[in-house]
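Student:
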Amino acid sequence: MLETMIFVLFAGLAVVAGIAILLSTSIVRMAYWLITMLVAVAGLYFLMGAYFLGVMQILVYVGGVAVLLVFGVMLTSRQLAPTLRPGRAEALWLAAVAAVLLVGLVLSILHAHWQPGTIVPANSAAEIGHSLLGEFLGPFELVSVLLLVAMLGAAYLARPKAPTAGPQHIKETTVL
Amino acid sequence: MMGLTPYLILSAILLVLGIAIVISKRNAIAMLIGVEFILNAATLNLVAFSRHGIGALSGQTAALFVIVLAAAEAVVALAIFLNFYHTIATVDIDQGDQLKG
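Top line first, the protein sequences correspond to chains C and X. For the first sequence, the positions run 25 to 200 when our numbering is used. For the second sequence, the positions run 15 to 115 when our numbering is used.
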């Protein structure tokens, strides 16, 4: 009973955050609601006994990705931000596509007849560590290489082009 | 104890919300937020299956990989958006209709 209540709380929070992002026009508010959704999903991980994953979700997503997004918002000018709300016809099409997709997914989930095994007890970080360095050693090493490449690539892409780099200056140089 | 179905339905709702955000927003950073929704829907599925004895611990390990990949994707995407912003002076996706910088 308590589990159901906690599930409804976190699930409702995540869905409300999604709807709020969909209706919001301010990019900073969207980032706030994204953090709400990420914390709610982390709460669901805790509820399912995936404690290590919940902690990683908060550390990496809320502590890393969300802060990065806020930095991206601040680095790109807010005066030049495009209008965020779609037109009426676009919104209608969007609602129709989303409704059809949602109904299809929910119907297929309800008719799939999952045969769940016994509920696995909560597992410790040590078991995930053994799994990472045993069964998933190859993907683990690949991911470490990928993180290095992503870091170098991002640093290369975001470097300043000229000593006094501004949008106007770069446009002039590219024309020349 | 709760079954598998509520988690799967929640995951479907989050996926649809993410797709709707990606389609409707014209701001590049807002689209990135939608992609994070889609990825979180996927990890929720993986952890729910792992919880109910399908695939044992693999689900949680795969979810961990998804979190790492999402972080890397966000970093590279934001670097590209910054470059885009320096070149065209906007983050409006509709203005990005040419490959030349």
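All C-beta atoms, glycine included, are put in the ideal place defined by N, C-alpha and C. In this text the structure is predicted, and so the values were computed from the model without any measurement.
In terms of alpha-carbon separation, which member of X:Leu-28, X:Ser-72, X:Ala-103 and X:Asp-106 lies closest to Thr-123 of chain C?
Tutor: The sequence shown places Ala at residue 123 of chain C, not Thr. Comparing Cα-Cα distances from Ala-123 of chain C to each of X:Leu-28, X:Ser-72, X:Ala-103 and X:Asp-106, the minimum goes to X:Leu-28.
Student: Kindly give me the distance between the Cβ atoms of Met-54 of chain C and Ile-43 of chain C, rounded to whole angstroms, as I take these residues to be in contact under 8 Å.
Tutor: Going by Cβ atoms, the distance from Met-54 of chain C to Ile-43 of chain C rounds to 12 Å, so no, they are not a contact pair.
Student: Following the continuous alpha helix (DSSP H) through Gln-74 of chain X, name the residue where it begins and the one where it ends.
Tutor: Unbroken alpha helix (DSSP H) run through Gln-74 of chain X: 72–102.
Student: I need the straight-line Cα distance from Ala-64 of chain C to Val-86 of chain C, nearest angstrom please.
Tutor: Taking the straight line joining both Cα atoms gives about 11 Å.
Student: Would you say Phe-34 of chain C and Leu-71 of chain C are within 9 Å of each other, going by their C-beta atoms?
Tutor: Contact: yes.
Student: Could you name the residues of the same chain whose beta carbon sits closer than 7 Å to that of Tyr-69 of chain C, not counting the 5 residues immediately before and after it, in chain order?
Tutor: Correct list, in chain order: Leu-77, Gly-78 and Gln-81.
Student: Between Ala-189 of chain C and Thr-60 of chain C, what straight-line distance do the alpha-carbon atoms span, to the nearest angstrom?
Tutor: The predicted model places Ala-189 of chain C with a pLDDT of 49, which falls under 50 and marks its position as unreliable; any figure quoted below should be read in that light. Their backbone Cα atoms lie some 36 Å apart in a straight line.
Student: Can you pull the DSSP bridge partners for Asp-106 of chain X?
Tutor: X:Asn-41, per the DSSP bridge assignment.
Student: Excluding five sequence neighbours on each side, which residues of the same chain lie with their C-beta closer than 7 Å to the C-beta of Ala-88 of chain X?
Tutor: Closer than 7 Å at the Cβ level, and outside the excluded window around Ala-88 of chain X, lie Leu-46.
Student: Is any beta-carbon of chain C found at less than 9 Å from that of Ala-56 of chain X?
Tutor: It does not; no Cβ of chain C falls within 9 Å.
Student: Between which two residues does the alpha helix (DSSP H) carrying Tyr-75 of chain C extend?
Tutor: That run of the alpha helix (DSSP H) goes 75–80.
Student: Since Leu-125 of chain C contacts Val-30 of chain X with CB under 8 Å, what's their CB separation in whole angstroms?
Tutor: Leu-125 of chain C to Val-30 of chain X, Cβ: 5 Å. Contact.
Student: Could you pull out every unbroken alpha helix (DSSP H) segment of at least 4 residues lying fully inside the stretch 119–195 of chain C, listed in chain order?
Tutor: For the stretch 119–195 of chain C, whole alpha helix (DSSP H) runs of length 4 or above, ordered along the chain, are 149–157 and 161–181.
Student: For Phe-95 of chain C, count the other beta carbons within 10 Å of its own beta carbon; 16 or more makes it buried, fewer makes it exposed. Which is it?
Tutor: Under this definition Phe-95 of chain C is an exposed residue.
Student: Does the stretch 37–46 of chain X come within contact of the stretch 136–155 of chain C, defined as at least 3 CB pairs closer than 8 Å?
Tutor: Cβ pair count under 8 Å is below three, so no.
Student: Between the C-alpha atoms of Ala-167 of chain X and Gly-111 of chain C, what's the straight-line distance to the nearest angstrom?
Tutor: Since the first and last residues shown for chain X are 15 and 115, residue 167 of chain X lies out of range.
Student: In chain X, which residues lie with their C-beta within 7 Å of the C-beta of Val-65 of chain C?
Tutor: Within 7 Å Cβ-Cβ: Asn-54 and Leu-58.
Student: Here's the rule I'm using: 16 or more other beta-carbon atoms within 10 Å means buried, otherwise exposed. How should Tyr-21 of chain X be labelled?
Tutor: The residue in question, Tyr-21 of chain X, is buried, as its Cβ has 16 or more Cβ neighbours within 10 Å.
Student: Would Ile-30 of chain C and Thr-19 of chain X qualify as a contact pair, given that the criterion is a beta-carbon distance under 9 Å?
Tutor: Their beta carbons are not under 9 Å apart, which means Ile-30 of chain C does not touch Thr-19 of chain X by this criterion.
Student: Residues of chain C with CB closer than 8 Å to the CB of Gln-112 of chain X, please, in chain order.
Tutor: Residues of chain C passing the Cβ test: none, with the nearest at roughly 12 Å.
Student: Is it buried or exposed for Gln-112 of chain X, if we count other Cβ within 10 angstroms and need 16 for buried?
Tutor: Gln-112 of chain X should be labelled exposed.
Student: Apply the 10 Å Cβ neighbour rule to His-154 of chain C and answer buried if 16 or more other Cβ atoms are within range, or exposed otherwise.
Tutor: Classification for His-154 of chain C: exposed.
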